[in-house]
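**Student:**
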Amino acid sequence: MPFYRYKARDSSGKLLEGQLEAVSAEALANQLQAGNMLPINIEETVGKQDLPIGQLLKRRRTKVGLDDLILFCRQMYTLTAAGVPITRALRGLVDTARNQTLGDALDAVVDDLESGMELSGAFANHPKVFPGLLCRLVQVGEATGKLDEVFLQLAVYFEREKDTINRVKSALRYPTFVVIAIFFAIMFISLFVIPAFEKVFSGMGAELPLATRILLGISGFMQANWPFVIGGVVLTIVGIKQGLKTEQGLYVWDRYKLKIPLVGDIILRSTLVRFSRAFNMSFTAGVPLTQALGFTARSVGNVFVGEKIESIRNGVERGDTLTRSATQTEMFTPLVLQMLAVGEETGSVDTMLEDVAQFYEREVDYDLKNLSSAIEPIMIVIIGGMVLVLALGVFLPMWNLSTLAR
Numbered sequence: 005m006p007f008y009r010y011k012a013r014d015s016s017g018k019l020l021e022g023q024l025e026a027v028s029a030e031a032l033a034n035q036l037q038a039g040n041m042l043p044i045n046i047e048e049t050v051g052k053q054d055l056p057i058g059q060l061l062k063r064r065r066t067k068v069g070l071d072d073l074i075l076f077c078r079q080m081y082t083l084t085a086a087g088v089p090i091t092r093a094l095r096g097l098v099d100t101a102r103n104q105t106l107g108d109a110l111d112a113v114v115d116d117l118e119s120g121m122e123l124s125g126a127f128a129n130h131p132k133v134f135p136g137l138l139c140r141l142v143q144v145g146e147a148t149g150k151l152d153e154v155f156l157q158l159a160v161y162f163e164r165e166k167d168t169i170n171r172v173k174s175a176l177r178y179p180t181f182v183v184i185a186i187f188f189a190i191m192f193i194s195l196f197v198i199p200a201f202e203k204v205f206s207g208m209g210a211e212l213p214l215a216t217r218i219l220l221g222i223s224g225f226m227q228a229n230w231p232f233v234i235g236g237v238v239l240t241i242v243g244i245k246q247g248l249k250t251e252q253g254l255y256v257w258d259r260y261k262l263k264i265p266l267v268g269d270i271i272l273r274s275t276l277v278r279f280s281r282a283f284n285m286s287f288t289a290g291v292p293l294t295q296a297l298g299f300t301a302r303s304v305g306n307v308f309v310g311e312k313i314e315s316i317r318n319g320v321e322r323g324d325t326l327t328r329s330a331t332q333t334e335m336f337t338p339l340v341l342q343m344l345a346v347g348e349e350t351g352s353v354d355t356m357l358e359d360v361a362q363f364y365e366r367e368v369d370y371d372l373k374n375l376s377s378a379i380e381p382i383m384i385v386i387i388g389g390m391v392l393v394l395a396l397g398v399f400l401p402m403w404n405l406s407t408l409a410r
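Under the working numbering, the final residue of the sequence shown carries the number 410; numbering is consecutive throughout.
1) Report the partner residues of residue 22 according to the DSSP bridge assignment.
2) Once DSSP output is grouped into helix, strand and coil, what is the label at residue 334?
3) Would you mind working out which of 105, 141 and 108 sits nearest residue 122, comparing C-alpha positions?
4) Is the beta carbon of residue 135 closer than 9 Å to that of residue 2?
5) So what's residue 40 in DSSP terms, helix, strand or just coil?
6) Pop quiz: residue 361 and residue 280 are said to be a contact at Cβ under 8 Å. What is the actual Cβ separation, rounded to whole angstroms?
7) Residue 168 lies in the alpha helix (DSSP H); which residues open and close that run?
8) If you drop the 5 nearest sequence neighbours on each side, which residues of the same chain put their C-beta closer than 7 Å to that of residue 244?
9) Output the distance between the C-alpha atoms of residue 107 and residue 384, rounded to the nearest integer angstrom.
10) What three-state label does DSSP hand residue 394 in the structure shown?
11) Within 8 Å, do at least three Cβ pairs link the stretch 346-366 to the stretch 141-158?
12) What is the DSSP secondary structure of residue 318, counted as helix, strand or coil?
13) Suppose the cutoff is 6 Å on Cβ atoms and the five residues either side in sequence are ignored; what does the same chain contact list for residue 11 look like?
14) Are the Cβ atoms of residue 130 and residue 109 separated by less than 9 Å?
15) Excluding the five sequence neighbours on either side, which residues of its own chain have a C-beta within less than 7 Å of the C-beta of residue 103, listed in chain order?
16) Which residues does DSSP pair with residue 46 in a beta bridge?
17) Of the choices 48, 13 and 19, whose alpha-carbon is the least far from that of residue 29?
18) Helix, strand or coil for residue 103? Go by DSSP, reduced to three states.
19) Assuming residue 317 contacts residue 297 under a Cβ cut-off of 8 Å, what Cβ separation, rounded to an integer in Å, is found between them?
20) Whose CA, out of 293, 292, 113 and 312, lies closest to the CA of residue 301?
21) Indicate the three-state DSSP secondary structure (helix, strand or coil) for residue 53 in the structure shown.
22) DSSP on residue 134, reduced to helix/strand/coil?
23) Look up residue 403 in the DSSP assignment and say whether it is helix, strand or coil.
24) Please state the DSSP three-state secondary structure of residue 294.
25) First and last residue of the alpha helix (DSSP H) that includes residue 271?
26) Closer than 7 Å by C-beta to residue 400: which residues in its own chain qualify, once you throw out the five before and the five after it? Chain order, please.
27) What is the residue span of the alpha helix (DSSP H) that residue 215 lies within?
28) Rounded to whole angstroms, what is the Cα-Cα separation between residue 166 and residue 147?
29) With a threshold of 16 other CB atoms inside 10 Å of the CB of residue 342, please say whether the residue is buried or exposed.
30) Could you check whether residue 270 and residue 372 sit closer than 9 Å to each other, using their CB atoms as the reference points?
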């Protein structure tokens, strides 16, 4: 689309100048008027290179994350609640999007809307930008005339999901840093510290202690093969990343990380929080039970758990109750299953799902608060063991050397 340089006055009469991308000068004039600005002059510019440097720096072409989706849903809620037409609202967001990928997707969505496509269908054409859950709820909002409420619910859902992910990452940051520090410490000691003592140890007449021989062996191996060690680490990381891009590799990793000591239970509970929130939001919006389970299975962020949710949907389709199907997955605690059973009996599944989400959130909060205190003793034992081996390997020969000298 072409770029236009404009001059306009705001509601206070102040003269404003800028440059925006638009389908036509008339479309830009309508966009300015929607923003309570009176256009004075609009001229087409040469192209995108005439954009101000500040605006170019703000727009980045990266993966659309939760921050972008939260801001987008909040903006759409405000615009739709104010009665701004969808096409005009999206056209304005194209120019103000901080993420170039999101801006390009919104631009294509506007073109699809102008060609007669529904908003949910236009969103569905960009699955890497707009999650399936968002597309389905937007479709429900279009059918019920409550599109603004749908965007508000999506914004709240994405905010809660981001908060849970941030808390899990914050709790894992300390042990990850310690493990990396230990690795680099071993590399440094093996390559630089131990070789400095090797000549002293080799000139001793007595047999070296076991700890010293182990350190010298590790040091010799690292010095002779350090390019292969580094290359092996790099190839391993690249191989893991490539493997995670395959369906089988992602499935294996999603299943394995739920069994990691101390951390696996937290990841599982946070995934079940995401499931409960998404399922509750879909079910409350009027999505049929089986369809809500299907969309939730693809939005929990874990392929293994998603397969379990698909099995729940298959059980419900066969005529089983939601509680009985959930019991067969062996993912939920007896208390949660009892809450689901009560919800089915009383016809308040949506309320019980909200209670289940809050229950798991409290457990995640408790586990995250105690994760550091549970990991610290393990880290202390590992670091203490490494220091003990180094101390014995370095100082025992010195003691033996002083004994021989006497």
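All C-beta atoms in this analysis are idealised placements derived from N, C-alpha and C, irrespective of residue type, glycine included.
Computed from a prediction, not measured in an experiment: that's the story for all the values here.
**Tutor:** So, from the listed chains and residues:
1) In the sequence shown, residue 22 corresponds to position 18, counting from 1. Answer is 10.
2) Taking the sequence shown and counting its residues from 1, one reaches residue 334 at position 330. Three-state result, residue 334: coil.
3) Sequence index remark: in the sequence shown, residue 122 carries index 118 (1-based). When only C-alpha atoms are compared, the closest one is 141.
4) Because the chain in this structure spans residues 5 to 410, residue 2 falls outside the shown range and cannot be described.
5) Looking up residue 40 in the sequence shown gives position 36. Three-state result, residue 40: coil.
6) Walking along the sequence shown from the start, residue 361 turns up at place 357. Walking along the sequence shown from the start, residue 280 turns up at place 276. 4 Å between Cβ atoms; contact.
7) On the sequence shown, position 164 is the one that residue 168 refers to. First-last of the alpha helix (DSSP H) with residue 168: 151-192.
8) As a position in the sequence shown, residue 244 is number 240, starting the count at 1. Taken in chain order, the list of residues that qualify is empty.
9) By 1-based counting over the sequence shown, the position of residue 107 is 103. By 1-based counting over the sequence shown, the position of residue 384 is 380. If I take the Cα positions, the gap works out to 48 Å.
10) In the sequence shown, the residue the question calls residue 394 occupies position 390. Of the three classes helix, strand and coil, the one that applies to residue 394 here is helix, per DSSP.
11) no
12) Stepping through the sequence shown from its first residue, residue 318 is reached at position 314. In the structure shown, residue 318 sits in a helix (DSSP, three-state: H, G or I).
13) Here residue 11 corresponds to residue number 7 of the sequence shown, with the count starting at 1. Around residue 11: 21, 44 and 45.
14) Here residue 130 is taken as the residue at index 126 of the sequence shown, counted from 1. Here residue 109 is taken as the residue at index 105 of the sequence shown, counted from 1. Yes, they are a contact pair.
15) To locate residue 103, count along the sequence shown from 1; it is residue 99. Correct list, in chain order: 64, 66, 68 and 72.
16) What you label residue 46 is simply residue 42 of the sequence shown in a count that begins at 1. In the DSSP output, where bridge partners are listed per residue, residue 46 has 10.
17) Here residue 29 corresponds to residue number 25 of the sequence shown, with the count starting at 1. Answer by Cα proximity: 48.
18) Working through the sequence shown from its first residue, we reach residue 103 at position 99. Three-state result, residue 103: strand.
19) For the purposes of this step, residue 317 is taken as residue 313 along the sequence shown, with counting starting at 1. For the purposes of this step, residue 297 is taken as residue 293 along the sequence shown, with counting starting at 1. Sure, about 4 Å apart at Cβ, within 8 Å.
20) Counting from one through the sequence shown, the residue named residue 301 turns up at place 297. It is 312 whose Cα lies nearest to the Cα of residue 301.
21) Sequence index remark: in the sequence shown, residue 53 carries index 49 (1-based). Note that residue 53 scores a pLDDT of 42, beneath 50, so its modelled location is shaky; the value from the coordinates is reported in the next line. DSSP places residue 53 within a helical segment (H, G or I) once states are collapsed to three.
22) For the purposes of this step, residue 134 is identified with residue 130 of the sequence shown, where counting begins at 1. Note: residue 134 maps to coil in three-state DSSP.
23) One-based indexing of the sequence shown puts residue 403 at position 399. Residue 403 falls in the helix class under three-state DSSP.
24) Taking the sequence shown and counting its residues from 1, one reaches residue 294 at position 290. Residue 294: helix per DSSP, three-state reduction.
25) Here residue 271 is taken as the residue at index 267 of the sequence shown, counted from 1. Per DSSP, residue 271 belongs to the alpha helix (DSSP H) from 268-288.
26) Residue numbering aside, residue 400 sits at position 396 when the sequence shown is read from its first letter. Here the set comprises 213, 215 and 216.
27) The count along the sequence shown starts at 1 and reaches residue 215 at position 211. Its alpha helix (DSSP H) spans residues 214-248.
28) Residue numbering aside, residue 166 sits at position 162 when the sequence shown is read from its first letter. Residue numbering aside, residue 147 sits at position 143 when the sequence shown is read from its first letter. Going by the C-alpha atoms only, they are around 28 Å apart.
29) Residue mapping note: residue 342 aligns to position 338 of the sequence shown, counting from 1. Residue 342 comes out exposed.
30) For this step, residue 372 is matched to residue 368 along the sequence shown. For this step, residue 270 is matched to residue 266 along the sequence shown. Their beta carbons are under 9 Å apart, which means residue 372 touches residue 270 by this criterion.
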